[in-house]
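Notes follow the structure.
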Amino acid sequence: MIEQFFAQMPALVIVLPLLAAPMCVLLHRAALAWFVYLITAWACFGLAFLLFVQVKIGGPISYAMGGWPPPFGIELVLDSFNTVVLLLVTGIGAICSLYAKASVAAEIARERAYLFYAAMLLCLCGLAGITVTGDAFNLFVFLEISSLSSYGLIAMGAKRRALLSAFQYLIMGTIGGTFMLIGIGFLYMMTGSLNMADIAERLPAVADTRTVEAGLAFIVVGASLKFALFPLHVWLPNAYTYAPSSVSAFIAATATKVAVYALMRFLFTVFGAAYAFDELPLGEVLMVLAVVAMLSGSMAAIFQTDLKRLLAWSSIAQIGYIVMGFALASSAGITASVTHMVNHGIIKGALFMAAGALFWRLRTISLNDIAGLGKHMPWTSAAFVLAGLSLIGVPATGGFISKWVLLEAVIEPGHYWLAVAILVSSLMALIYIGRVVESLYFRERTEGQAVPGEAPPIMLVATWTLVLANIAIGVHATPLVGAAERAATALLGGGA
Amino acid sequence: MAEIADNFFGLFNYWVVIVLMMIGFYTVISHDNLVKKLIGLNLFQTAVFVFYISMGKIAGSTAPILMHGPGSEDVLYAHPLPHVLILTAIVVGVSTTALGLALVVRINEAYGSIEEDDVLAADFETQEAESETEAQRKARADARHAEAEADEEYDDGSEDPRSPEQRAADNEDKEPRS
């Protein structure tokens, strides 16, 4: 019985949220729907943890969906790389489920809250699906499940501007998704297979054709649209700014990371590092875009007056770090990428949650309106400062670890100018986080501004869990860096 | 010449795909009307559907259905898998369109227009208004601070060397206290 359960875990992590979503709709009551969401999210997190341990001990797992053996059926593959991403996605999802109740009650009409929870579950299902699937077309379907639900979630934002942001995201996201579909179509045309491992096996024979090159190009552009790499980032600031707080926290922490995961999976597992980075100049292209993203994103963040928009621009910059890591196509680079994926997920989750807690009290989030709140909302402000320090990369925080690993990876092949760009961008992070801290602690509340109390405890618990997780990584980085190193080995084909 | 013609007609479906895709893409980019944008998006997706369906077709093949009972004869049939895949993609496309249209309806309710320019202009106005009230509030607060400061400064009874008008002007120029 228990073995049966263990054998079905890879499927359960997708099936659970997928089944729980309609249950939320059927239950209809906000509190009940939230309870279903909470239980499911934590169950998924538990499953992800078990899978992580299982892969760490016993090596990669292959699961044939519906009993059809791969490459004919859909295969779920779990290796050292995607279990890390899965753990991040479900972990943030679980913590968001704690956070969501109070924040949703304040921001979304009571009679529509159950739909919100259902959409959150679908989004979680889509993201988990992208992570575990070993089938290229299946990946597209899950990508669209997660994207469609996030369009709906963003549109639930309180301001009317959320609607146009969601619409713009829908247009860009659909173009991105369709580009990936075209790319997968090209690959299928040339190899006659949709299973990623199978494509990888058959690809070298036809690699030097225009079709495969075009397929690669479409997949790279499509995925870049989804994770908002520099010139394709236009949808992101508005979408993150106007989405409800818990959605911003969840999507900012997970959705872009999962899209990066999908691209890395295609580049390294399907095309192979040698093809994408040695034969084609993809590494150089991505590296330049990453640097521009880092600098322009940080620069734009400095001039924002809306806290959530500031964080959104900073996300664009942070995507630059992640892309730069894997664009090096070295083991150290991928390690840095994976480390920063996890760290940034946790940091941005915490920052957006703290911003959401401020919003919960004030109903506004501009830097002037939060002036002097360090005294009145000490816990929220402190959480923001700690997560902000980590974003800058101060020692003893998770952000320091990822910057350290990334710098090592960059300096090893002698790319000193990249190291300079990383440092400059970190300094800019110091400025924009500094502006928020200045506003929180070194300004007085002016007369006429309400003096709020602390945010609800459950929101603080969720925020602080992420902050503490982040500091724990900073103090004891071996487990994360070790997992990231194993992920890099798995991606570069050196075993599990 | 014959070769070129062959090339053209042999790849006819793919030419159609490219043309359709570009028309759709151009519509998405160039049109202001949100519904037209969605129509463009639909065209764009439809082009990809045609692409997948063409891929599965084999010259001279029939539909992939059982002809005369099992094993009766070998029939050349079109590859059904791409067709099935595209069935899924069509479902995705339909849900995207539905969601997009729902958003357009909500946008129309909220703004009274479905032209992107109008909506953006309305957004810009609200933003302006917001930042204006913010600036006013800030100015008021600064003025209060400045007053308080000025009072403190000359509390020791010494005479303020500036004229009252000058003082007011100075206060206005003062940077926001931080």
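Residue numbers (my numbering), protein chains in the order written: chain Y, 337 to 832; chain Z, 2 to 179. Every residue gets a Cβ at the ideal spot worked out from N, C-alpha and C, and that includes glycine.
7 Å Cβ cutoff, Phe515 (chain Y) in contact with chain Z: Within the first sequence, residue 515 (chain Y) is the residue found at index 179, counting from 1. No, because no Cβ of chain Z sits closer than 7 Å to the Cβ of Phe515 (chain Y).
Q.
If you follow the alpha helix (DSSP H) that Ala798 (chain Y) is in, where does it begin and where does it stop?
A. Start at 1 with the first residue of the first sequence, and residue 798 (chain Y) comes out as number 462. That run of the alpha helix (DSSP H) goes 793-811.
Beta-carbon contacts of Tyr578 (chain Y) that lie in its chain and below 6 Å, excluding the five residues immediately before and after = Against the first sequence, residue 578 (chain Y) aligns to sequence position 242. Result list for Tyr578 (chain Y): Gly493, Lys495, Arg497, Ala498, Ser501, in chain order.
Is the CB-CB distance between Gly681 (chain Y) and Leu424 (chain Y) below 7 Å? Within the first sequence, numbered from 1, the residue matching residue 681 (chain Y) stands at position 345. Within the first sequence, numbered from 1, the residue matching residue 424 (chain Y) stands at position 88. Using a Cβ distance threshold of 7 Å, Gly681 (chain Y) and Leu424 (chain Y) count as a contacting pair.
Legend entry - N-terminal and C-terminal residue of the alpha helix (DSSP H) that Val606 (chain Y) is part of: Translated into the one-based positions of the first sequence, residue 606 (chain Y) becomes position 270. Segment: none, Val606 (chain Y) is in no alpha helix (DSSP H) and carries neither H nor E.
Q.
With three or more beta-carbon pairs closer than 8 Å as the criterion, would you say the stretch 803-821 of chain Y touches the stretch 715-735 of chain Y?
A. Touching, per the Cβ criterion.
_Please tell me whether Ser581 (chain Y) and Asp642 (chain Y) are closer than 7 Å, where the distance is taken between their beta carbons._
In the first sequence, counting from the first residue as 1, residue 581 (chain Y) sits at position 245. In the first sequence, counting from the first residue as 1, residue 642 (chain Y) sits at position 306. No, the Cβ-Cβ distance between Ser581 (chain Y) and Asp642 (chain Y) is not below 7 Å.
What is the DSSP secondary structure of Ser702 (chain Y), counted as helix, strand or coil?
Working through the first sequence from its first residue, we reach residue 702 (chain Y) at position 366. Three-state DSSP puts Ser702 (chain Y) in a strand.
**Request:** Counting only the same chain and skipping the five closest in sequence on each side, list residues whose C-beta sits under 6 Å from that of Gly158 (chain Z).
**Result:** For this step, residue 158 (chain Z) is matched to residue 157 along the second sequence. Note on Gly158 (chain Z): pLDDT 45, under 50, position unreliable in the model; no value is reported.
Could you tell me if Gly831 (chain Y) is buried or exposed, where buried requires 16 or more neighbouring beta carbons within 10 angstroms of its beta carbon? Taking the first sequence and counting its residues from 1, one reaches residue 831 (chain Y) at position 495. The pLDDT assigned to Gly831 (chain Y) is 43, lower than 50, so where the model puts this residue is not dependable, and the model offers no usable value.
Short check: CB of Leu375 (chain Y) to CB of Cys461 (chain Y), under 7 Å?
On the first sequence, position 39 is the one that residue 375 (chain Y) refers to. On the first sequence, position 125 is the one that residue 461 (chain Y) refers to. As written in the sequence, residue 375 (chain Y) is Ile, which differs from the Leu given in the question. No, Cβ-Cβ distance for Ile375 (chain Y) and Cys461 (chain Y) is not below 7 Å.
Next on the checklist: Using the three-state DSSP reduction, which class does Val413 (chain Y) fall into: helix, strand or coil?
Outcome noted: As a position in the first sequence, residue 413 (chain Y) is number 77, starting the count at 1. Note: Val413 (chain Y) maps to strand in three-state DSSP.
Open item on the list: Let me see if you follow: with CB-CB separation under 7 Å, is Val111 (chain Z) close to chain Y or not?
Closed with: By 1-based counting over the second sequence, the position of residue 111 (chain Z) is 110. The sequence shown places Ala at residue 111 (chain Z), not Val. With its beta carbon less than 7 Å from one in chain Y, Ala111 (chain Z) belongs to the interface.
### Query
Would you say Asp157 (chain Z) faces chain Y, with C-beta separation under 7 Å as the test?
In the second sequence, the residue the question calls residue 157 (chain Z) occupies position 156. Note that Asp157 (chain Z) scores 47 on pLDDT, short of 50, meaning its location in the model is unreliable; the coordinates nonetheless yield the value given after this. So, not an interface residue.
Measure from the alpha carbon of Leu664 (chain Y) to the alpha carbon of each residue in Y:Met600, Y:Ala595, Y:Tyr505, then state which is nearest. Within the first sequence, numbered from 1, the residue matching residue 664 (chain Y) stands at position 328. Per the Cα distances, Y:Met600.
Exercise for the section: At 7 Å on the CB atoms, spell out the chain Y contacts of Tyr53 (chain Z), in chain order. Expected result: Here residue 53 (chain Z) refers to the residue found at position 52 when the second sequence is read from its first residue. For the C-beta of Tyr53 (chain Z), the chain Y residues within less than 7 Å are, from N- to C-terminus, Gly521.
(Q) Taking 8 Å as the limit between beta carbons, can you name the residues of its chain near Leu754 (chain Y), skipping five residues before and five after? (A) Start at 1 with the first residue of the first sequence, and residue 754 (chain Y) comes out as number 418. Met623, Val627, Met660, Val746.
Any 3 or more C-beta pairs closer than 8 Å across the stretch 534-548 of chain Y and the stretch 77-85 of chain Z: By the Cβ rule, the stretch 534-548 of chain Y does not count as touching the stretch 77-85 of chain Z, because fewer than three pairs are nearer than 8 Å.
Exposed unless 16 or more other CB atoms sit within 10 angstroms - verdict on Phe604 (chain Y):
As a working mapping, residue 604 (chain Y) is identified with position 268 in the first sequence. Phe604 (chain Y) is buried by the Cβ-count criterion.
Apply the 10 Å Cβ neighbour rule to Asp7 (chain Z) and answer buried if 16 or more other Cβ atoms are within range, or exposed otherwise. Taking the first residue of the second sequence as 1, we reach residue 7 (chain Z) at position 6. So Asp7 (chain Z) counts as exposed.
Tell me whether Asp119 (chain Z) sits in a helix, a strand or coil according to DSSP, three-state version.
-> As a first step, residue 119 (chain Z) must be located in the second sequence, where it is residue number 118. In the structure shown, Asp119 (chain Z) sits in a helix (DSSP, three-state: H, G or I).
task = Let me know if Gly829 (chain Y) comes out buried or exposed under the rule of 16 or more other beta-carbons within 10 Å of its beta-carbon.
result = Numbered from 1 along the first sequence, position 493 holds the residue referred to as residue 829 (chain Y). A residue is called buried once 16 or more other Cβ atoms fall within 10 Å of its Cβ, and Gly829 (chain Y), having fewer, is exposed.
Practice task
Using the Cα positions of Gly389 (chain Y) and Ala819 (chain Y), report the straight-line distance between them to the nearest angstrom.
Solution key: The residue you call residue 389 (chain Y) lines up with position 53 of the first sequence. The residue you call residue 819 (chain Y) lines up with position 483 of the first sequence. Here residue 389 (chain Y) turns out to be Val, not Gly, going by the sequence shown. If I take the Cα positions, the gap works out to 11 Å.
Within chain Z, partners of Tyr487 (chain Y) - CB distance below 7 Å
The sequence position of residue 487 (chain Y) within the first sequence is 151, counting from 1. Leu100, listed in chain order.
Local Cβ density within 10 Å of Ile767 (chain Y), reported as buried at 16 or more and exposed below that:
The residue given as residue 767 (chain Y) occupies position 431 in the first sequence. Ile767 (chain Y) is exposed by the Cβ-count criterion.
message: Cutting at 6 Å between CB atoms, please list the residues of its own chain near Leu523 (chain Y), excluding the five before and the five after it.
response: Here residue 523 (chain Y) refers to the residue found at position 187 when the first sequence is read from its first residue. If we look at Leu523 (chain Y) and ignore the five residues flanking it on each side, its Cβ neighbours are Ile535, Gly551.
_Given this structure, state the Cα-to-Cα distance separating Ser762 (chain Y) from Ser632 (chain Y), to the nearest angstrom._
Taking the first residue of the first sequence as position 1, residue 762 (chain Y) is located at position 426. Taking the first residue of the first sequence as position 1, residue 632 (chain Y) is located at position 296. Roughly 12 Å separates the two Cα atoms.
Problem - Distance between beta carbons of Gly724 (chain Y) and Val773 (chain Y), contact taken as under 8 Å - result: Here residue 773 (chain Y) refers to the residue found at position 437 of the first sequence. Here residue 724 (chain Y) refers to the residue found at position 388 of the first sequence. About 7 Å separates the beta carbons of Val773 (chain Y) and Gly724 (chain Y), which is inside the 8 Å limit, making them a contact pair.
Item to check | Whether Ala377 (chain Y) touches Gly429 (chain Y) by CB criterion (7 Å) | outcome: Translated into the one-based positions of the first sequence, residue 377 (chain Y) becomes position 41. Translated into the one-based positions of the first sequence, residue 429 (chain Y) becomes position 93. Yes.
Burial state of Thr514 (chain Y) (16 or more Cβ within 10 Å)
Taking the first residue of the first sequence as 1, we reach residue 514 (chain Y) at position 178. Buried.
(Q) Taking the alpha-carbon of Met526 (chain Y) as reference, which of Z:Glu133, Z:Met56, Z:Val93, Z:Glu126 has the nearest alpha-carbon? (A) Counting from 1 along the first sequence, the entry for residue 526 (chain Y) is found at position 190. Of the candidates Z:Glu133, Z:Met56, Z:Val93, Z:Glu126, the residue whose Cα lies closest to the Cα of Met526 (chain Y) is Z:Met56.
| query | Is the CB of Ile518 (chain Y) under 7 Å away from at least one CB in chain Z? | reply | Translated into positions along the first sequence, residue 518 (chain Y) becomes position 182. By this cut-off, Ile518 (chain Y) is an interface position.
request  = Quick one: residues in its chain with C-beta nearer than 7 Å to the C-beta of Trp715 (chain Y), no 5 flanking neighbours on either side, listed in chain order?
outcome  = Stepping through the first sequence from its first residue, residue 715 (chain Y) is reached at position 379. Result list for Trp715 (chain Y): Glu790, Leu796, in chain order.
Next on the checklist: Within 7 Å of any Cβ in chain Z, is that where the Cβ of Leu374 (chain Y) sits?
Outcome noted: Translated into positions along the first sequence, residue 374 (chain Y) becomes position 38. With 7 Å as the cut-off, Leu374 (chain Y) does not count as an interface residue toward chain Z.
Checklist line | Interface flag, Ile1 (chain Z) vs chain Y, CB-CB below 7 Å | finding: Outside the shown range of chain Z (2 to 179) lies residue 1 (chain Z), about which nothing can therefore be said.
message: Using CA atoms only, rank isn't needed, just tell me which of Y:Tyr435, Y:Ser416, Y:Leu530, Y:Val440 is closest to Phe476 (chain Y).
response: The count along the first sequence starts at 1 and reaches residue 476 (chain Y) at position 140. For the residues Y:Tyr435, Y:Ser416, Y:Leu530, Y:Val440, the minimum Cα distance to Phe476 (chain Y) belongs to Y:Leu530.
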